[in-house]
Amino acid sequence: MPSPDAIASTETPRNASHKPVRVIAVASGKGGVGKTSVSVNLSLALANAGQRTLLLDTDLGLANVDVMLGLSPRFTLADVMAGRCELADTVLEGPGGLWVVPSASGKRHMAELSAREHVGLVHAISQLDLPIDAMVVDTAAGIADGVLTFCQAAQDVIVVVCDEPASVTDAYALIKVLSRERGVNRVQVLSNQVAHPAEGRQLFDKLERVTSRFLDVTLSYLGAIPRDEWLRRAVQRQEAVVEAFPSSPSALAFREIARRASQWQAPAGPRGHVEFFLERLVSAPARSAAA
Ligand SMILES: Nc1ncnc2c1ncn2[C@@H]1O[C@H](COP(=O)(O)OP(=O)(O)O)[C@@H](O)[C@H]1O
Ligand SMILES: [Mg+2]
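Numbering follows UniProt numbering, with no gaps: position 106 of the sequence shown is 106.
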């Protein structure tokens with residue numbers, strides 16, 4: 001695999017007429033708070049709103065984007081990492097024209113991949129020749145190198161929290177390493193499984209109080225997804241709630257989040273395609289993973 005610097009110097013702009021791709025990483029620190037639910041429904045809501053969207057599952061340990069969407073992958077990211085296929089071979093078409101790159105459960109965890117392999121993977125993604133407007137990256141729990149690398153390479157990071165003490169603590173730990181070691185200076189906070197709207201804001205305030213004291217990072221409150229039995233039911237049916245139950249409370253909230261995400265400042269630069277994903281990675285100020 002080429003070194004990051006070699007990639008940076010050999011990369012030439014392609015598809016310069018394309019709009020830059022918006023890359024959104026979804027992370028949380030703690031597992032089970034709703035990263036995959038958010039990634040699946042946000043990407044589908046974006047696709048339904050007319051944005052050509054790719055959903056990338058980077059959780060090689062507990063991958064379940066394909067399970068949540070009822071897809072049967074022939075190849076996964078694990079096959080790409082093992083050299084059995086090209087990244088392009090893994091791309092599936094999901095509901096609503098959403099493109100999906102599935103991962104594989106129970107395979108090597110991202111934490112076990114070397115920094116070089118992460119960069120190689122990001123490079124392979126940057127070479128994917130799909131005409132996309134947005135890419136949503138579902139990440140693994142924890143603060144493993146791979147999670148940090150994908151967050152660093154994205155333009156926007158959504159950190160999902162829910163009302164459990166460990167969730168806020170782990171979100172803080174994640175934001176701390178992103179900010180101190182990876183040069184991430186702005187984070188979107190999304191509260192999930194809230195019992196009422198005020199709870200979402202309270203979770204944000206709690207996190208904001210500590211980050212503003214100790215870290216040089218700007219948190220924005222993206223909103224809240226209610227705890228919703230329809231979402232659970234959709235998971236059981238292996239469908240996204242925005243598809244299966246479009247008028248459920250969580251589906252309405254996901255559409256609103258997608259609307260807000262679409263209004264974020266457009267990615268800078270005239271470059272097309274996903275190449276900037278790599279550029280971000282190699283040009284970020286602090287880049288221990290890419291070193
Ligand atoms: N807003 C919600 N309302 C109800 N249940 C939810 C909600 N978000 C997540 N869940 C439940 O929590 C489970 C774990 O969510 P998941 O998205 O897989 O979390 P993560 O990817 O962070 O591990 C889901 O299978 C679903 O049953
Ligand atoms: Mg998950």
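Idealized CB from N, CA, C, for every residue including glycine.
- With 16 or more other Cβ atoms from the protein chains shown falling within 10 Å of its own Cβ, Phe245 counts as buried.
- Linking Ser28 to Gly61 through their CA atoms gives a straight-line distance of about 15 Å.
- The alpha carbon of Leu252 has as its nearest neighbour, out of Leu46, Arg209, Asp138 and Ser103, the alpha carbon of Leu46.
- The C-alpha of Thr58 is placed about 7 Å away from the C-alpha of Ala140.
- Residue environment analysis places Asn185 among the exposed positions, since fewer than 16 neighbouring C-beta atoms fall within 10 angstroms of its C-beta.
- Distances from the CA of Val168 to each of Arg209, Pro73 and Thr76 were compared; the closest alpha carbon is that of Arg209.
- Annotation: Gln263 is outside any alpha helix (DSSP H) and is labelled neither H nor E by DSSP.
- The criterion of a C-beta distance shorter than 8 Å is satisfied by Val157 and Val187.
- Note that the C-beta distance between Ser191 and Ala234 is not below 8 Å.
- For Ala224, the secondary structure class from DSSP, reduced to helix, strand or coil, is strand.
- Within the segment 161 to 220, the beta strand (DSSP E) runs of at least 3 residues that lie entirely inside it are, in chain order, 186 to 194.
- Taking a 10 Å sphere around the C-beta of Gln152, we find 16 or more other C-beta atoms and assign the residue as buried.
- Going by DSSP, Thr53 is part of the beta strand (DSSP E) stretching over Thr53 to Asp57.
- DSSP places Glu243 in the helix class (H, G or I) of the three-state scheme.
- Remark: the C-beta of Lys35 is in contact range of ligand 2, defined as less than 7 Å to any heavy atom.
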